[in-house]
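2 protein chains.
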Amino acid sequence: MNKGENFHPVWWRNHLRGYGYRITIARQAILDVLSKTEDHLSAEDIFFAVYKKHPNIGLTTVYRTLELFVQMGLIYKFDFGDGRSRYELMGGPKGKEHHHHLVCTECGRVVDYTDFIDDELELLRRTEKELSKKYNFEIKGHLIQFYGLCESCRKKKEKIIE
Amino acid sequence: MNKGENFHPVWWRNHLRGYGYRITIARQAILDVLSKTEDHLSAEDIFFAVYKKHPNIGLTTVYRTLELFVQMGLIYKFDFGDGRSRYELMGGPKGKEHHHHLVCTECGRVVDYTDFIDDELELLRRTEKELSKKYNFEIKGHLIQFYGLCESCRKKKEKIIE
DNA sequence: AATGTTAATGAAAACCATTTTCAATAAGGT
DNA sequence: ACCTTATTGAAAATGGTTTTCATTAACATT
Ligand SMILES: [Mn+2]
Ligand SMILES: [Mn+2]
Ligand SMILES: [Zn+2]
Ligand SMILES: [Zn+2]
């Protein structure tokens, strides 16, 4: 079986239908792209990836579909500070579990990390609890990102200084 | 002494001069606005606040000045997901200490919190250390935000359901 | 398999926060 | 006062995203 090729289409179809949406070529193609990549793609990235097989699908549809999938909870939408949103598959067969990000401020590289230190989740839970009590907030989620310099960017800077 | 009125101008002047920049009316006015508010203002918010006393200062200058202050480390720039950047004073006499945010996804309300930050800081340091070792990142900073529903938005939703 | 209803789509235009351009102005050293 | 040049305001440009609107295609019904 061609790895990733039309990966578990049944799952998407059920997921879509379950929400009362129609199953279209564009939606399947976009999910297909997202299910095959390890990267954090922008709308335009996805548009170009889809374009290879479906040059008739427009960027507008990509935006609309991504918005829909975010609302459905199928994908995550992130902002890493480079002026465009980036998307990542959430649940499903190839979906990633909850994780946080490490972002290089120089080249934009993004690293997922899921190997939380044991206490991290514990502290998060505790913080959420205390915050919701103190500020009367019903906390639904969190965003945690670390910013810095990746290895290659650090080396480049060292060379310049020498 | 009029509270906040031209608060410690000497401090700004030194801070600016220390970086070799000229002290202009626009820059002082913008710092003045930021030093008087507890809110997280957008560039436009700041423009309007400045406009009251200085209707000749343009939005372009506000953007340029904010960008400069961010580079100088005088202010923070945040993105709370409503499509515009928001700014907050960093150091100085009225500047806030490092803190994280609680954001209402319904009305956009933003709450600063500095509580529990001791535990958090400790854990953060440890996490940063582990991450920088494992992924060869030189970590420079972090972004932590909790998302949820503020009290009034929660109550509104409850009423609708009833 | 044909039909009807209506969600979904593509192309173009609009939107809107932010940036760039460029000639005019003013900060601060002499 | 004068000079140099950083800073400024107005207008135009930019670029990611959204809206508009006429056309197309999903899919339930026949
Ligand atoms: Mn990720
Ligand atoms: Mn704040
Ligand atoms: Zn890098
Ligand atoms: Zn709210």
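Going line by line, the protein sequences match chains Y and W. Each residue of the first sequence is one higher than the one before, counting from 33 in our numbering. Each residue of the second sequence is one higher than the one before, counting from 33 in our numbering. All C-beta atoms in this analysis are idealised placements derived from N, C-alpha and C, irrespective of residue type, glycine included. Remember, predicted model here, so these are calculated numbers, not experimental data.
Alpha carbon of residue i to alpha carbon of residue j, nearest angstrom
| i | j | result |
| --- | --- | --- |
| ARG141/Y | GLY173/W | 15 Å |
| ASP151/Y | THR159/W | 10 Å |
| ARG59/W | GLY50/W | 15 Å |
| ILE193/W | HIS72/W | 32 Å |
| ALA75/W | PHE79/Y | 32 Å |
| GLY105/Y | LYS191/Y | 44 Å |
| LEU48/Y | ARG54/W | 58 Å |
| VAL102/Y | LYS161/Y | 26 Å |
| LEU121/Y | LYS187/W | 32 Å |
| ASP77/Y | LEU66/Y | 10 Å |
| ILE57/W | HIS130/Y | 48 Å |
| THR69/Y | ASP114/Y | 20 Å |
| THR97/W | ALA61/Y | 44 Å |
| LYS138/W | SER164/Y | First, the amino acid is wrong: residue 138/W is Glu here, not Lys. Roughly 16 Å between the two C-alpha positions. |
| ASP111/W | GLU154/W | 25 Å |
| LEU100/W | LYS84/Y | 42 Å |
| GLY180/Y | GLY52/Y | 43 Å |
| ALA81/W | ARG116/Y | 29 Å |
| MET33/W | HIS86/W | Note that MET33/W has pLDDT 38, beneath the 50 cutoff, so the model's placement of it is unreliable and the number below is only indicative. Answer to the nearest angstrom: the Cα atoms are 22 Å apart. |
| CYS136/Y | ASP147/Y | 19 Å |
| ASN46/W | LYS189/Y | 30 Å |
| THR92/W | ILE107/Y | 36 Å |
| GLY123/W | GLY123/Y | 42 Å |
Which of helix, strand or coil DSSP assigns to residue i
| i | result |
| --- | --- |
| LYS86/W | Reading off the sequence shown, one finds His at residue 86/W, where the question assumed Lys. Note: HIS86/W maps to coil in three-state DSSP. |
| ARG118/W | strand |
| GLY173/Y | strand |
| GLY113/Y | coil |
| CYS182/Y | coil |
| ASN34/Y | Low confidence applies here, because ASN34/Y scores a pLDDT of 37, under 50, leaving its location unreliable and the question unanswered by this model. |
| HIS133/Y | strand |
| ASP147/Y | coil |
| TYR108/W | strand |
| PHE39/Y | Residue placement at PHE39/Y is flagged as unreliable, the pLDDT there being 49, under the threshold of 50; a coordinate-derived value is accordingly withheld. |
Partners in chain W for residue i, counting only beta-carbon separations shorter than 9 Å
| i | result |
| --- | --- |
| GLU183/Y | TYR167, ASN168, PHE169 and GLU170 |
Proximity below 7 Å, CB of residue i to CB of residue j
| i | j | result |
| --- | --- | --- |
| PHE178/Y | ILE171/W | yes |
| LEU63/W | TRP44/W | yes |
| LYS109/Y | TYR119/Y | yes |
| LEU156/W | TYR145/W | no |
| CYS182/Y | PHE169/W | yes |
| HIS132/W | ILE176/W | yes |
| VAL94/W | TYR167/Y | no |
Where residue i meets chain Y, residues with beta-carbon distance less than 8 Å
| i | result |
| --- | --- |
| VAL143/W | TYR167 and PHE169 |
| THR137/W | LYS172 |
Partners in chain W for residue i, counting only beta-carbon separations shorter than 8 Å
| i | result |
| --- | --- |
| ARG96/Y | Near ARG96/Y there are no residues of chain W at all, since even the closest Cβ is about 17 Å away, more than 8 Å. |
| GLY180/Y | SER164, PHE169, GLU170, ILE171, LYS172 and GLY173 |
Interface residues of chain W facing residue i [CB-CB closer than 7 Å]
| i | result |
| --- | --- |
| GLU152/Y | LEU155 and THR159 |
Listed by chain order, chain Y residues near residue i by CB distance under 7 Å
| i | result |
| --- | --- |
| GLN177/W | HIS174 and LEU175 |
Where the stretch 105-135 of chain W meets chain Y: residues whose CB sits under 8 Å from a CB there: ASP111, GLY113 and LEU134
Listed from N- to C-terminal order along the chain, which residues in the stretch 62-78 of chain W have their beta-carbon within a distance smaller than 8 Å of any beta-carbon of chain Y? none
Contacting positions in the stretch 46-60 of chain Y - beta carbon closer than 9 Å to chain W: none
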